[in-house]
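Contents: one structure, followed by commentary.
There are 2 protein chains.
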Amino acid sequence: MSRVGLTADRLARAGAELADEIGFDNVTPSELARRFGVKVASLYSHVRSAHDLRVRVALLALDELADLVAAGLAGRSGRDALEALGDVYRDYARSHPGRYAATRLPLDHETAARSAGPRHAAMTRAVLRAYHLSEPDETHAVRLLGSTFHGFIALELAGGFSHSSPGARESWARILDVLDFSLTHWPPTPGNTP
Amino acid sequence: MSRVGLTADRLARAGAELADEIGFDNVTPSELARRFGVKVASLYSHVRSAHDLRVRVALLALDELADLVAAGLAGRSGRDALEALGDVYRDYARSHPGRYAATRLPLDHETAARSAGPRHAAMTRAVLRAYHLSEPDETHAVRLLGSTFHGFIALELAGGFSHSSPGARESWARILDVLDFSLTHWPPTPGNTP
DNA sequence: CCGCGTTGCCTAAAGCTCTTAGGCAAACGC
DNA sequence: GCGTTTGCCTAAGAGCTTTAGGCAACGCGG
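As given, the protein sequences belong to chains C and R, one line each in that order.
Residue 1 is where the first sequence starts when you use UniProt numbering, and the numbers rise one by one after that.
Residue 1 is where the second sequence starts when you use UniProt numbering, and the numbers rise one by one after that.
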């Protein structure tokens, strides 16, 4: 028997492709072994467990997505940057649904710190810089963007908008309008209305 | 051997409790059979498959949540109603994470139509009525609320906000401010800026 | 009160999954 | 060319889902 040349990295890359084809939840040692024409047990020299495999796919996807965000943001600021940020996430989720799902895998603290997660956070903050929010509010805004982007993408991927009009694309455009508007006219903490 | 009195309904209810304790993904015939002190095969007289079981839990959770929303909205309108709507969803997700996850299970078209899903949509539209948006925009607003609420809840449940300040509660309050503000001053479709 | 039928839970079994342990042979360094 | 490393193998155990068929407990009619 000739050797196929398995590697933790090759397994993670193949796992990412597999995720896009059959769903992240179905990325398993068994399926991957079938792909490589190899017995399941052989994977365990390269990967500690099924969970370890999925974590590697998640890290790969987070990295890849962070690179795309960086490229998308290059040379843009303000509203342009906001739209680019959202579009990169949404386009990535649509073209690589399994990889996108992988980015949602909860990671333990240490792994999360080593991941591209902090890069994502930093880039979102960079986009917000142009709106000149002061400190507690900028953090709230980071969370607003994260929530809205991820929420929309999750609903769209789950088919929540299919077969109903107007199309998801239009709602997405309007939502970006609303976010830009909100960030521009960031409402003050409401006090007692006279 | 005395009979335990299994029923599709009792299984679904037990499955819902199980979901909150060990996670919706771990709601399986095996685990449920252990709970009832019964052999696994016995469940298959009441439930067609593991998937069928999970669907029943999802329908139960959607119903329960719709009832809570209806109760929360009673007698409120405008901003009060918006906050009540969001709070019911968030509180439910925090106190019943497994059931909340169940509500996210993709259902086939027919099952979705029979579920409490349409009731949820109708109640969101009822909340928006007070903001007097005209038609395509009200739909966009439904999607904005759904996205932001679900996105925030997903991030919070995944631990995205833990151990960082300010706390999730504050961001949630600010985000409700922003949503109310956006709905009140709904931005026009941007044309060519002079 | 008792038999009878229904129905509920059982045992048995097949096929899938993940995971660990130990073996053989291919590829690499010298 | 030889030895060591190491990559993929076979073997095996435990858990999960699902189907098929059997026995006995419950509930109804007499």
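Glycine included, every Cβ here is placed at the ideal spot set by N, Cα and C.
Using beta-carbon distances, Phe149(C) counts as an interface residue toward chain R, with a partner under 8 Å.
DSSP places Arg125(R) inside the alpha helix (DSSP H), whose first and last residues are 117-129. At a cut-off of 8 Å between C-beta atoms, Val55(C) does not count as an interface residue with respect to chain R. In the displayed model, Phe161(C) falls within coil according to three-state DSSP, outside both helix and strand. With distances taken between CA atoms, Gly15(R) lies nearest to Ala33(R) out of Arg48(R), Lys39(R), Ala41(R), Ala33(R). In the three-state DSSP reduction, His46(C) falls in the coil class, being neither helix nor strand.
The criterion of a C-beta distance shorter than 8 Å is not satisfied by Ala66(R) and Ala101(R).
Against chain C, the CB of Gly167(R) has no partner CB under 8 Å away; the residue lies outside that interface. Identification of residues in the stretch 122-148 of chain C having a C-beta nearer than 8 Å to some C-beta of chain R yields Pro136, Asp137, Thr139, His140, Arg143, Leu144, Gly146, Ser147, Thr148, given in sequence order. A distance below 8 Å between beta-carbons, with the five flanking residues on each side excluded, links Glu31(R) to the following residues of its chain, in chain order: Leu18, Ile22.
Taking a Cβ-Cβ cut-off of 8 Å, the neighbours of Ala158(C) in chain R comprise Arg104, Pro106, given in sequence order. Remark: three or more beta-carbon pairs, one from each stretch, lie closer than 8 Å, so the stretch 145-155 of chain C and the stretch 145-152 of chain R are flagged as touching.
With respect to the C-alpha of Leu73(R), the residue from Leu60(R), Asp63(R), Val57(R), Met123(R) having the closest C-alpha is Met123(R).
Closer than 8 Å to the CB of Phe161(R) there is at least one CB belonging to chain C. At a cut-off of 8 Å between beta-carbon atoms, Asp177(R) makes contact with chain C.
Straight across, the Cα-Cα distance linking Arg35(R) with Arg99(R) is about 18 Å. Inclusion of Glu83(C) and Leu176(C) in the CB contact set at 8 Å is warranted, their separation being smaller than that value. The C-beta separation of Val55(R) from Thr111(R) comes to about 6 Å, placing the pair in contact by the 8 Å criterion.
Contacts with chain C at 8 Å (Cβ-Cβ) include Pro187(R). With fewer than 16 neighbouring CB atoms inside 10 Å of its own CB, Val40(C) falls in the exposed class. Among the residues of chain C, those whose CB is under 8 Å from the CB of Phe181(R) are Ser182, His185, Pro187, following chain order. Spanning the alpha carbons of Gly160(R) and Ala12(R) requires a straight line of approximately 30 Å. Among the residues facing chain C, Pro97(R) is not included, as its CB has no counterpart in that chain under 8 Å away.
Judged by their CB atoms, Ala141(R) and Ser77(R) are not nearer to each other than the 8 Å cut-off. Using a CB distance below 8 Å, no part of the UniProt domain "HTH tetR-type" (5-65) of chain R faces chain C. Against chain R, a Cβ distance below 8 Å from Pro190(C) picks out Asp177. Using a Cβ-Cβ cut-off of 8 Å, Ser171(C) is close to Thr139, His140, Arg143, Leu144 of chain R, given in chain order. In chain order, Phe36, Gly37, Val38 place their CB closer than 8 Å to the CB of Val4(R), counting only its own chain and leaving out the 5 sequence neighbours on each side.
A direct Cα-Cα distance of roughly 24 Å separates Ser45(R) from Asp63(R). Taking 8 Å as the cut-off, the Cβ atoms of Val69(C) and Val88(C) count as close. Per DSSP, reduced to three states, the secondary structure at Pro136(C) is helical.
Using beta-carbon distances, Leu85(C) does not count as an interface residue toward chain R, since no partner is under 8 Å. Following the DSSP letters along the chain, one finds His109(R) inside the alpha helix (DSSP H) bounded by residues 109-114. Interface flag for Arg3(C) against chain R is unset, since no Cβ pair is found closer than 8 Å. Residue state for Val142(C) is assigned as helix, using DSSP reduced to three classes. Leu105(C) and Leu60(R) have their C-alpha atoms roughly 26 Å apart.
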